[in-house]
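Engineer: Could you have a look at this structure, given as structure tokens, before my questions?
Structure (structure tokens):
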């Protein structure tokens, strides 16, 4: 029982992690939280739903319609994430860059991204209604729904979905880490996150890197949306907003702008939630923030964050 | 296409920058020739650093033009200016303090590297070979400024003088043809100051550089520079060789008068 909860916790925690990495990438470069990230997460889940050829429900402008083709689930999930990445690029061009060009206060940019989030969520509701969607069963190539890791006599089934989600998320984390640490683009990103103007003077095209960052961030967010949809369901247009708040707790917990921190924070909050006793399960969402609060009392800079360094 | 050899390496024409009501750089024109060591002096707030920001594209000019080897590069963004081979250092040193000395110089090689995302992520031999070449070149530059033995040390923990030299090494990693030094002697002790002139000349000869430098320390500028421009309240009040500038009445009154 405990082990099952733990696997559930790691699965959802790993999704928190890749979602939070999307926040953290943008934050590390622009020093601002992109509140539209939760909406991009929602979009990713819906994109995948549409791309597998599933039908829209009875509400919204697109009621009862479906694409004339249906892609295999994982193809749809990857494509859906890439589309979410493009949405991220559009958000940067429309809501971030114009303000940055005029030297606006980061707080204004934050409000601008909040506006984008609200607009996107409303657009989704207008188009496809507010109902719950689930991916059709059999999405995982007909893998058995659960595998038994218990002994004979004491079966211990673990949902295959959870294992797949955990594995896929961890692969993404590793790829992202390699990208940031090994590629010339990743190294340039680190330079930009420390001092954008100096990076510019060394010939680095900062605006292009910011665009790329929004793309990668959107891909991670959109993919996380699909994974949560796969694990539970797509709980209406607003489901990314609550998830977005959880993601904030994760990056603050791990240390703002810190990549390993986002991963550790995500897994920690996922596991902490999964250990909540079932008779107080209604308060599960509060757990993330209690964990956050307690840890921040001891380490205000987050688990892996460095103490704030004042820039000259 | 052969540009007429007369085109100066760097030319500013009527360059002007206003910040609100303040005119930080006011209708400044001069030309810097290939291989020159060109000094920029003037009292605090004369607009010297703003002029550097204009030349490197960090600040767009309000009016006027900027030419590099005869090409109009007015309004080019900083990374384009850098890619043309114009590099700079800062008065208040701006290193990537969390990276090692080597890491700082390696970032300076960015525009000279090519390898793509996938080869990098997967650690392909081509990408590793490039990384190795970049490291090798960066180590040579660290050697040049005497920091090779501390290549792995975090840049932020270096003493002031070493940070200045590291910043120069990073600028050189761009393989620039024009190097802008913003108060390279600030914070250096007398010994280091004496070495600086020799070092700048060495750099110019070894890398075929044209050097523009801002400096407060007048004897150093007089001894080092081929020509000097003097700014006061954003306006160019004199330009010429050190002897001419030294005896220019406007300069004496504005600046040197207080010093000597």
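Residue numbers (this note's numbering), protein chains in the order written: chain A, 1 to 312; chain B, 313 to 572.
Glycine is no exception: its CB is placed at the ideal position from the N, C-alpha and C atoms.
Note that the coordinates shown come from a computational prediction; the quantities given were computed from them, not determined experimentally.
1) I need the straight-line Cα distance from residue 259 of chain A to residue 467 of chain B, nearest angstrom please.
2) If we require 4 or more residues per run, which alpha helix (DSSP H) segments fall completely within the segment 529–563 of chain B?
3) Would residue 201 of chain A pass as a contact of residue 390 of chain B if the rule is Cβ separation under 9 Å?
4) Which residues does DSSP list as the beta-bridge partners of residue 444 of chain B?
5) Specify the secondary structure class of residue 356 of chain B as computed by DSSP and reduced to three states.
6) For residue 221 of chain A and residue 255 of chain A, which I take to be in contact (beta-carbon distance under 8 Å), what is that distance rounded to the nearest angstrom?
7) DSSP three-state label for residue 522 of chain B, please.
8) Could you work out which residue in B:539, B:474 and B:380 is closest to residue 551 of chain B when comparing CA atoms only?
9) Taking the alpha-carbon of residue 29 of chain A as reference, which of A:38, A:214 and A:282 has the nearest alpha-carbon?
10) In the structure shown, what three-state DSSP assignment does residue 101 of chain A receive?
11) Take residue 266 of chain A and list the residues in its own chain whose beta-carbon comes closer than 6 Å to its own, dropping the five residues that flank it on each side.
12) On the DSSP bridge assignment, give the partners of residue 351 of chain B in chain order.
13) Could you give the DSSP three-state label for residue 492 of chain B: helix, strand or coil?
14) Taking 8 Å as the cut-off, does the segment 51–69 of chain A touch the segment 124–131 of chain A (at least 3 CB pairs, one atom from each stretch)?
15) Determine the contact status of residue 253 of chain A and residue 268 of chain A, defining contact as a CB-CB distance below 9 Å.
16) Judging by CA-CA distance, which residue of A:183, A:262, A:3 and A:192 is the nearest neighbour of residue 208 of chain A?
17) Could you please give me the residues that DSSP links to residue 328 of chain B through a beta bridge?
18) Tell me the rounded alpha-carbon separation between residue 372 of chain B and residue 360 of chain B.
19) Looking at the secondary structure, which residues open and close the alpha helix (DSSP H) in which residue 260 of chain A lies?
20) Taking just the CA atoms, how far does residue 530 of chain B sit from residue 347 of chain B?
21) Have a look at the DSSP bridge pairing and note the partners of residue 412 of chain B.
22) Is there a Cβ of chain A sitting closer than 9 Å to that of residue 395 of chain B, yes or no?
23) If residue 420 of chain B and residue 392 of chain B are in contact, beta carbons under 8 Å, what's the gap, nearest whole angstrom?
24) Taking C-beta to C-beta, are residue 327 of chain B and residue 339 of chain B nearer than 9 Å?
25) Going by beta carbon distance, what residues of the same chain come within less than 8 Å of residue 513 of chain B, once the five residues before and after it are set aside?
26) Can we say the segment 429–447 of chain B touches the segment 492–510 of chain B, given the rule of at least three CB pairs closer than 8 Å?
27) Check the Cβ-Cβ distances between residue 372 of chain B and every residue of chain A, and say whether any is below 9 Å.
28) Taking 8 Å as the limit between beta carbons, can you name the residues of its chain near residue 116 of chain A, skipping five residues before and five after?
29) Residues of chain A with CB under 9 Å from residue 491 of chain B, in chain order?
30) Go to residue 334 of chain B, then tell me how far its alpha helix (DSSP H) extends in each direction, as first and last residue.
31) How many Å lie between residue 562 of chain B and residue 418 of chain B at the Cα?
32) Less than 9 Å between CB atoms is the rule here; does residue 179 of chain A satisfy it with respect to chain B?
33) Can you tell me which of A:135, A:212 and A:196 puts its alpha carbon nearest to the alpha carbon of residue 235 of chain A?
34) Can you pull out the residues from the segment 474–501 of chain B whose beta carbon lies closer than 9 Å to at least one beta carbon of chain A?
35) Taking all protein chains shown into account, decide if residue 321 of chain B is buried (16 or more other Cβ within 10 angstroms of its Cβ) or exposed.
36) If we ignore side chains and look at the alpha-carbon of each, how far apart do residue 54 of chain A and residue 43 of chain A end up?
Structural biologist: For this structure:
1) Spanning the two alpha carbons is a distance of roughly 22 Å.
2) For the segment 529–563 of chain B, whole alpha helix (DSSP H) runs of length 4 or above, ordered along the chain, are 530–536 and 554–559.
3) Against a cut-off of 9 Å, the Cβ pair of residue 390 of chain B and residue 201 of chain A comes out as a contact.
4) In the DSSP assignment, residue 444 of chain B forms no beta bridge with any residue.
5) Coil.
6) No, residue 221 of chain A and residue 255 of chain A are not in contact; Cβ-Cβ is about 20 Å, not under 8 Å.
7) When secondary structure is reduced to three states using DSSP, residue 522 of chain B falls in the strand class.
8) For the residues B:539, B:474 and B:380, the minimum Cα distance to residue 551 of chain B belongs to B:539.
9) Per the Cα distances, A:214.
10) Taken through DSSP and simplified to helix, strand or coil, residue 101 of chain A comes out as helix.
11) Correct list, in chain order: 13, 16, 17, 20 and 250.
12) Looking at the DSSP assignment, residue 351 of chain B forms a beta bridge with B:525 and B:540.
13) Strand at residue 492 of chain B.
14) The segment 124–131 of chain A makes contact with the segment 51–69 of chain A; the number of CB pairs closer than 8 Å reaches 3 or more.
15) Yes, the Cβ-Cβ distance between residue 253 of chain A and residue 268 of chain A is below 9 Å.
16) For residue 208 of chain A, the nearest C-alpha among the options comes from A:192.
17) DSSP links residue 328 of chain B through a beta bridge to B:375.
18) Each residue's Cα considered, the two are about 15 Å apart.
19) From DSSP, the alpha helix (DSSP H) with residue 260 of chain A extends over 259–274.
20) Near 21 Å, if we compare the C-alpha coordinates of residue 530 of chain B and residue 347 of chain B.
21) Looking at the DSSP assignment, residue 412 of chain B forms a beta bridge with B:466.
22) It does: the Cβ of residue 395 of chain B has a partner Cβ on chain A nearer than 9 Å.
23) 16 Å between Cβ atoms; not a contact.
24) In contact: residue 327 of chain B and residue 339 of chain B (Cβ atoms closer than 9 Å).
25) Within the same chain, Cβ atoms closer than 8 Å to the Cβ of residue 513 of chain B are found at 349 and 536, the five residues on either side in sequence being excluded.
26) The segment 429–447 of chain B is not in contact with the segment 492–510 of chain B.
27) The beta-carbon of residue 372 of chain B is placed no less than 9 Å from the nearest beta-carbon of chain A.
28) Contacts found: 35, 36, 39, 91, 94 and 95.
29) Near residue 491 of chain B there are no residues of chain A at all, since even the closest Cβ is about 12 Å away, more than 9 Å.
30) For residue 334 of chain B, no alpha helix (DSSP H) encloses it; the enclosing beta strand (DSSP E) starts and ends at 334–344.
31) Rounded to the nearest angstrom, the two C-alpha atoms are 45 Å apart.
32) Closer than 9 Å: yes.
33) Of the listed residues, the one whose Cα sits closest to residue 235 of chain A is A:135.
34) Within the segment 474–501 of chain B, the residues whose Cβ lies closer than 9 Å to some Cβ of chain A are 482, 483, 485 and 486, listed in chain order.
35) When all chains shown are included, residue 321 of chain B counts as buried.
36) Answer to the nearest angstrom: the Cα atoms are 15 Å apart.
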